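S.K.: Chains as they are written, first to last, in our numbering: chain A, 1 to 332; chain B, 1001 to 1524; chain C, 2001 to 2336.
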Amino acid sequence: MSSSTATANRGRGPLVPLGARMWIRERPLVPLLFLLLGLIVTLELVRPGIVNATWLANTIKFAIPLAILAAAQTLAMLTGGIDLSVAAVASMAAYLVATQAPVHGPLVAVLIAFGAAALVGLVNGIGIGVFRVHPLIMTLAMTLVVGGVVTVYMLSVVTSGVRVPAELNWLSQQTAFGFLPHSLLLFVPLAALILLGLRRSGYGRLLYALGDNETAARLSGVRVWQVLIALYIVTALLAAVAGMLFAGLLNTASAQLVNGFLLPSVAAAVIGGTSIFGGRGGYAGSIVGAVILTVLSTLLQVLGMQEAVRQILYGAIILAVAAAYTRITEDG
Amino acid sequence: MTTEQVVQPANGLLLEATGIAKRYGAVHALRDASLSVLPGEVHALMGANGAGKSTLVKILTGAVHPDAGVIRVRGEVREVHSPAEARRTGLVSVYQEPAMVPDLTVGDNLRLTGTPLEPFLEMVAELGIGKLDLRRYARELPLAVLRVLDLARALAIKPDVVLLDEMTAALPADLTEKVLEVVGRQRESGRSVIFISHRLLEIAALCDRATVLRDGETVGVVDVTAGAEQRIVELMLGPVEGEGDSATERPRTAPAGGAREDEAPARLSVRKLAAGTHLHDVSFELHAGEVLGLAALEGQGQDELFDVLSGAARPTSGEVRVDGKSARFSHPADAIRRGIVLVPADRALGLLAQRSVRENIALPASAPPRRWGPIDMSGEQQRVQLAIERLQIDTRAQSEVQRLSGGNQQKVTIARWIAGGVRTLLCFDPTRGIDIRTKRQIYQLLRDLAEGGAAVLLYTSELDEIQRVCNRTVVIYRGRVVEEMPAAEADEPTLLRAAYGMPRGSQLPKQLAAEAAARAEVAT
Amino acid sequence: MTAVARPSGPLRDTRLMAALANAMRQDTWTIALVLLLVALLVLTRLINPNYGPFNVTSLAMAALPVALAAVAQAIAVISGGIDLSIGSVMALTSVTAATLFVGASPELSVGIVLAILLMGVVIGLINGSLIVLTRVPDIVVTLAMLFVWGGAALLVLNRPGGAVTPWLRELMTGSLLIDWLPRALVLLLTVVGLVWIPLRRSTLGLSIYAIGSNRLAAFRSGVNVGRTRIAAYAFTGLFAAAGGLALTAATGIGSPIPGPYLLLSVAAVVLGGVSLAGGQGGLLGPIIAVFILALIRADLTFLGVNPNYAEVIQGAIMVLVVMFGAYVTLRRRRRA
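Pasting the structure below:
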């Protein structure tokens, strides 16, 4: 009876007992943490002894830049938007730092990268906020532009070479006490800022408000374009941070460095329970989502899956989690 | 599909629903609802907002499946799974939001539903829409026309039972009249109508029996005869609240308006304002301490007027002055900064449905960029709590506004502006589709706000509200002010005459006069 | 009192006039696109006086897979959805076709072509059913399926390879009747026309537009929303598979790595005047948009622009056009 999927019709017998669903609805993190635990247990069962300090450090190291990309995606998705240019911006920032640092020193290079990222975000924001271009289209088109510009730039600086500053390596590769990556120094305050900001700042409230009902927000005096321009500048800056961490982690930089993490960044936010239509969700889920994806990727590698099977499983799991989440949070 | 002859079932009932229950999450929308409809009757379904009318309608038409209960059509048990299936069993519904697909032409909308053209066009003519281009896209037509077309489409297939949900809510008086006429005629051919309306007068004029719902249960079935309205109201309100409220129902004597007019410049002064295609030349003054009523038929320029005053649209000519100083708004934020705030009729325009009552009420506070920083959580909590108490908002389901009843939702859109202290309030038909109890609370609130020094501009499609709430009223016809008078003089016949653009003292068309007289009779 | 009854504006326009006005209002965007395409062709001739039939046919051939992808995406978007897995589906159908074509006789390869198209329909049915059954948003489901179909393509063929049956290649190479009419274009219009024109006039076609426009109104009008969504995705799958076949025919092999077709298809759909909100637009606009984008690229090459700059310029043009389109819609809405 496929007609029952119409929005008008939510009247199906519940698959999960109602009380349990309400409980989970209020605490969407709980099942995600169980899923994460399950994956870790499976990993340990498949290869006993793998879950140790080194593994933990590696997982955190790779999860952090992904979680930062996912932060950008989460903020955009809360307003009902999406930022598909995060990967291109992250690659650009990484490449700028790696090529400018040898010339101007790491600090100036980082500032240049942030400046370029903010510029891309500004253009995105103007397109989306002022001209009302659909975010999907605007950021997709900017991906093309940014990718092209970086490639052109790449050809022009081919002589000066690419060298990732040692400071970035220290930040994203090295660990304290063998299991605490230095990147936590950056990530913990950043995540705290986002988590608190979404709940207890006027700007955070507006992101939810725009995603829920833009007209209502405008009638309440919100100038939507201001919020959106600020938003896409913030997402571009977050992407730049993630790009630099990736560069430090992989010790290289190129115009395509981060491209493979674009869809995972969306997936992390989706798994984390942020609605792609806006108005509902939060960053805590996205962080867990990023960790889940990282552990999952390790697990599939350990299982010796070939690339093809890994991709298929990856897709299936995103879908399964999203479906489960939909069932749990939907109205009775 | 179409049954020309209605077969008489054993117990004489055309449609019978018993023991219907439906739960959404923790909320019981329906506990034990029943409804029985005889062939050839117009049956009213009544209840305060949140009583479960809409849910029962959705269940009858297959849009929602009940958790319990039985539906019999002509004595046979039916399980209806979709509106299409309900249509095949002879039950068609006209919803509050028209089921016309906006991006299809009217003609394609008819094809989509397999509606025969000839009967449809006959119906359209009967319903008083003179000229209809089937190639027009539904999105280009005004809401009132869409609703009438929706009704024509439903009646065109000659259903056994047609279900009308607040059919007259957004209609201008002339169309309302036609609709009631056509609906009443249904019974001549043995067909039945389930009629949902908040307007007791319509019920009294049109219906044979009324089923009253309260808190998801059927609490009574009333034969609509003289004096039945009182009984219906009692049933709707429940045993306790009924007595207290009926005292406040009497029109209050309008306080002497204009006492402070000469001292300060008008809070809001509109001169020769024109905007869009409907608003041509409107001037009036709104003073602190008064509720100014605005009466008009549908589409006389009141929408454009409110858009301009609230900053959502720019005027093509004319002037708006706030506290004596000229004002040009290019965004609602500009209007809000000058103390002018809007309560829209359509709650879908005003609410963050998935967010909490608190976030909805606190929304305007975060709007300007200088307020984007950290929120003073305890201060906000206090302000919100005050507004909630002042408006008596039922906060049992406050984590998501969409779980509140319609009346409570409307209160939230008002509370948003009360929380920040209100100077000038623009209310566009704030009581549309709201139950009697909440309406009265809103009237009282508007009066209190005015007495506290606020200026209130109230457009209403229910003319009796002018005398209940306002000090003065202006009437707009074809984009121009045609009449301005103290509320004491603004009884319904006078307003109606002015709203039709007829000079004072002229004769109303016969039917209208009779209708107005009937209303006056019921009101006294 | 009501708009239809109000005697505002001239009442004398005849039925024909009204129909014409209606068509103009609906198709302004398409007409503008045609004019833009013509202007670009003239410009191309000016830049490169040697630009001739040969260039046109090769342009059409190269644009064919993109155009089919755009058509596929347009149908999904009109129904109120979006298909992010289009590139992967094209890769999967392309490698499957290329693998099957190896050593196949011309007769057998007719069967293969049909089988691949059927495969596309099945893939679409799977995508659509998953969306309807899981009740997860289209964009998330097709994102997940992007990985699934991409992985499947890798399973079929690990690296670029395979072959193509000669007649399929000939079907889209060269020109027909006159030099300036590329076969690829004729093929495209035939395939799309054969499916789309009957569909557009059927109740199913109306239903696809209806669910894209307003799902609740469609449901209340008796449309089976779920089944219609699945059907729309089946058509999307069909055209994506056709795109995959065109890709194999154009390159002579199958490649498991998805090309930039997702991005290009969405760009063409938007440029082509199909509202991302669903319910509006047609297939002609996106097809013209594909050729406009391809011509711009060709012109930049003729002008001797570094291909990397060409990408920047193409992206920038896309941004500007889309901004302009959004601005025009915004103005129109304000006036209304």
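No residue lacks a Cβ here, since even glycine has one placed at the ideal position from N, Cα and C. The structure displayed is predicted, hence computed values, not measured ones.
For L217 of chain A, which residues in chain B fall below 9 Å Cβ to Cβ?
M.R.: The count along the first sequence starts at 1 and reaches residue 217 of chain A at position 217. The question names Leu, but residue 217 of chain A is Ala in the sequence shown. Here the neighbours are L1352, L1363, A1367.
S.K.: Less than 8 Å between the beta carbons of P1332 of chain B and G115 of chain A, yes or no?
M.R.: For the purposes of this step, residue 1332 of chain B is taken as residue 332 along the second sequence, with counting starting at 1. For the purposes of this step, residue 115 of chain A is taken as residue 115 along the first sequence, with counting starting at 1. Not in contact: P1332 of chain B and G115 of chain A (Cβ atoms no closer than 8 Å).
S.K.: Assuming contact is defined by CB atoms lying nearer than 8 Å, are V288 of chain A and I50 of chain A in contact in what I supplied?
M.R.: Taking the first residue of the first sequence as position 1, residue 288 of chain A is located at position 288. Taking the first residue of the first sequence as position 1, residue 50 of chain A is located at position 50. No; because the gap between Cβ atoms is not below 8 Å, this pair is not in contact.
S.K.: Buried or exposed for I317 of chain A, please, with buried defined as at least 16 other CB atoms from any protein chain shown within 10 angstroms of its CB.
M.R.: Along the first sequence, read from residue 1 onward, the residue named residue 317 of chain A stands at position 317. The residue is buried, with at least 16 neighbouring Cβ atoms inside 10 Å.
S.K.: Pick out whichever of A:Q174, A:G129, A:A166 has its Cα sitting closest to the Cα of W225 of chain A.
M.R.: Sequence index remark: in the first sequence, residue 225 of chain A carries index 225 (1-based). Comparing Cα positions, the closest option is A:G129.
S.K.: Measuring straight from C-alpha to C-alpha, what distance separates T2099 of chain C and A2163 of chain C?
M.R.: In the third sequence, counting from the first residue as 1, residue 2099 of chain C sits at position 99. In the third sequence, counting from the first residue as 1, residue 2163 of chain C sits at position 163. Near 7 Å, if we compare the C-alpha coordinates of A2163 of chain C and T2099 of chain C.
S.K.: In or out: N213 of chain A buried (at least 16 other Cβ within 10 Å) or exposed?
M.R.: Counting from one through the first sequence, the residue named residue 213 of chain A turns up at place 213. With 16 or more other Cβ atoms within 10 Å, it is buried.
S.K.: Could you check where the alpha helix (DSSP H) with M1167 of chain B kicks off and where it finishes?
M.R.: If you number the second sequence from 1, residue 1167 of chain B lands on position 167. Note, M1167 of chain B: premise wrong, no alpha helix (DSSP H); not H, not E.
S.K.: Leaving out five residues on either side along the sequence, give the residues of the same chain with a beta carbon under 6 Å from the beta carbon of A2091 of chain C.
M.R.: Counting from one through the third sequence, the residue named residue 2091 of chain C turns up at place 91. Excluding positions up to five away in sequence, the list reads A2153, P2256, P2258.
S.K.: Can you round the beta-carbon distance between L1035 of chain B and L1045 of chain B to whole angstroms, since I take them to be within the 8 Å contact cut?
M.R.: Position 35 of the second sequence, counted from the first residue, corresponds to residue 1035 of chain B. Position 45 of the second sequence, counted from the first residue, corresponds to residue 1045 of chain B. Correct: roughly 7 Å between the Cβ atoms.
S.K.: Quick check: what's the CA-CA separation for A1367 of chain B versus R1416 of chain B?
M.R.: If you number the second sequence from 1, residue 1367 of chain B lands on position 367. If you number the second sequence from 1, residue 1416 of chain B lands on position 416. Going by the C-alpha atoms only, they are around 12 Å apart.
S.K.: Quick check on P2160 of chain C - is its C-beta less than 8 Å from some C-beta in chain A?
M.R.: Here residue 2160 of chain C refers to the residue found at position 160 when the third sequence is read from its first residue. So, not an interface residue.
S.K.: Under 7 Å Cβ to Cβ from L319 of chain A, same chain only, skipping five residues before and after it: list those, please.
M.R.: To locate residue 319 of chain A, count along the first sequence from 1; it is residue 319. If we look at L319 of chain A and ignore the five residues flanking it on each side, it has no Cβ neighbours.
S.K.: Leaving out five residues on either side along the sequence, give the residues of the same chain with a beta carbon under 7 Å from the beta carbon of T1248 of chain B.
M.R.: What you label residue 1248 of chain B is simply residue 248 of the second sequence in a count that begins at 1. Because the pLDDT at T1248 of chain B is just 39, under 50, the model does not fix this residue reliably, and the point stays unresolved.
S.K.: Figure out for me which residue from B:D1435, B:Y1500, B:V1475 has the closest Cα to the Cα of D1215 of chain B.
M.R.: For the purposes of this step, residue 1215 of chain B is taken as the residue at position 215 of the second sequence. Ranking the options by Cα distance to D1215 of chain B, first place goes to B:D1435.
S.K.: From this set, B:R1468, B:L1496, B:T1316, which residue's C-alpha is nearest A1488 of chain B's C-alpha?
M.R.: What you label residue 1488 of chain B is simply residue 488 of the second sequence in a count that begins at 1. Per the Cα distances, B:R1468.
S.K.: Could you pull the start and end residues of the alpha helix (DSSP H) that V1270 of chain B belongs to?
M.R.: By 1-based counting over the second sequence, the position of residue 1270 of chain B is 270. Looking at the DSSP string, V1270 of chain B is not in any alpha helix (DSSP H); the run it does join, the beta strand (DSSP E), is 1268-1275.
S.K.: Check distances from the C-beta atoms of the stretch 276-310 of chain A to those of chain B and list, in chain order, the residues that come in under 8 Å.
M.R.: The stretch 276-310 of chain A vs chain B, Cβ under 8 Å: G279, R280.
S.K.: Checking contacts by CB at 8 Å: is D83 of chain A closer than that to chain B?
M.R.: By one-based count along the first sequence, residue 83 of chain A stands at place 83. Not an interface residue.
S.K.: List the residues of chain A whose Cβ lies closer than 9 Å to the Cβ of N2127 of chain C, in chain order.
M.R.: For the purposes of this step, residue 2127 of chain C is taken as residue 127 along the third sequence, with counting starting at 1. Simply none; closest approach about 11 Å.
S.K.: Over the uninterrupted beta strand (DSSP E) stretch that includes E1122 of chain B, give me the two end residues.
M.R.: As a working mapping, residue 1122 of chain B is identified with position 122 in the second sequence. Taken as a continuous stretch (DSSP letters only), E1122 of chain B belongs to no beta strand (DSSP E), being part of the alpha helix (DSSP H) at 1117-1126.
S.K.: Using beta-carbon positions only, say whether V108 of chain A and V89 of chain A come within less than 8 Å of one another.
M.R.: Here residue 108 of chain A refers to the residue found at position 108 when the first sequence is read from its first residue. Here residue 89 of chain A refers to the residue found at position 89 when the first sequence is read from its first residue. Not a contact, by the Cβ cut-off of 8 Å.
S.K.: In angstroms, rounded to a whole number, what distance separates the CA positions of T151 of chain A and G1301 of chain B?
M.R.: Position 151 of the first sequence holds residue 151 of chain A. Position 301 of the second sequence holds residue 1301 of chain B. For T151 of chain A and G1301 of chain B, the distance between alpha carbons rounds to 56 Å.
S.K.: Evaluate S1192 of chain B with the Cβ neighbour count: other Cβ atoms within 10 Å of its Cβ, from every protein chain shown; 16 or more gives buried, anything less gives exposed.
M.R.: On the second sequence, residue 1192 of chain B is found 192 positions in, with the first residue counted as 1. By the 10 Å Cβ count, S1192 of chain B comes out buried.
S.K.: By the 7 Å beta-carbon criterion, what residues does the stretch 1376-1409 of chain B contribute toward chain A?
M.R.: So the list reads M1377, given in the order they occur along the chain.
S.K.: Is there a Cβ from chain B that is less than 8 Å from the Cβ of A2316 of chain C?
M.R.: What you label residue 2316 of chain C is simply residue 316 of the third sequence in a count that begins at 1. Chain B contact via Cβ: absent.
S.K.: Alpha carbon to alpha carbon, how far is R1271 of chain B from L1213 of chain B? Give it in angstroms, no decimals.
M.R.: Within the second sequence, residue 1213 of chain B is the residue found at index 213, counting from 1. Within the second sequence, residue 1271 of chain B is the residue found at index 271, counting from 1. Going from the Cα of L1213 of chain B to the Cα of R1271 of chain B covers about 48 Å.
S.K.: Just checking: is the beta-carbon of A1525 of chain B within a distance shorter than 8 Å of some beta-carbon in chain A?
M.R.: Only positions 1001 to 1524 of chain B appear in the structure, and residue 1525 of chain B is not among them; the question remains open.
S.K.: Checking contacts by CB at 8 Å: is M92 of chain A closer than that to chain C?
M.R.: Within the first sequence, numbered from 1, the residue matching residue 92 of chain A stands at position 92. No, M92 of chain A lies away from the interface with chain C (no Cβ there is under 8 Å from its Cβ).
S.K.: Given a cut-off of 8 Å on the beta-carbon distance, is the pair I2116 of chain C and A2104 of chain C in contact?
M.R.: Start at 1 with the first residue of the third sequence, and residue 2116 of chain C comes out as number 116. Start at 1 with the first residue of the third sequence, and residue 2104 of chain C comes out as number 104. No.
S.K.: Given that L1349 of chain B touches chain A, what residues does it touch there, using C-beta distances under 9 Å?
M.R.: Here residue 1349 of chain B refers to the residue found at position 349 when the second sequence is read from its first residue. What L1349 of chain B touches in chain A: N213, T215, A216, L219.
S.K.: DSSP three-state call for L1286 of chain B: helix, strand or coil?
M.R.: On the second sequence, position 286 is the one that residue 1286 of chain B refers to. L1286 of chain B falls in the strand class under three-state DSSP.
S.K.: The stretch 241-262 of chain A: which residues have C-beta closer than 7 Å to a C-beta of chain C, in chain order?
M.R.: Per Cβ criterion, the list is empty.
S.K.: Would you kindly report the start and end of the unbroken alpha helix (DSSP H) that includes T167 of chain A?
M.R.: In the first sequence, the residue the question calls residue 167 of chain A occupies position 167. What sits at residue 167 of chain A in the sequence shown is Glu, not Thr. Where E167 of chain A is concerned, the enclosing alpha helix (DSSP H) stretches over 166-173.
S.K.: Hey, would you say E1335 of chain B sits closer than 8 Å to S1310 of chain B, going by beta carbons?
M.R.: Working through the second sequence from its first residue, we reach residue 1335 of chain B at position 335. Working through the second sequence from its first residue, we reach residue 1310 of chain B at position 310. The question names Glu, yet the displayed sequence has Ala at residue 1335 of chain B. Yes; because the gap between Cβ atoms is below 8 Å, this pair is in contact.
S.K.: Among the residues of its own chain, which have a CB less than 6 Å from the CB of T1061 of chain B, if the five just before and after it don't count?
M.R.: As a first step, residue 1061 of chain B is located in the second sequence; it is residue number 61 there, counting from the start. Same-chain partners within the cutoff: P1083, A1086, S1093.
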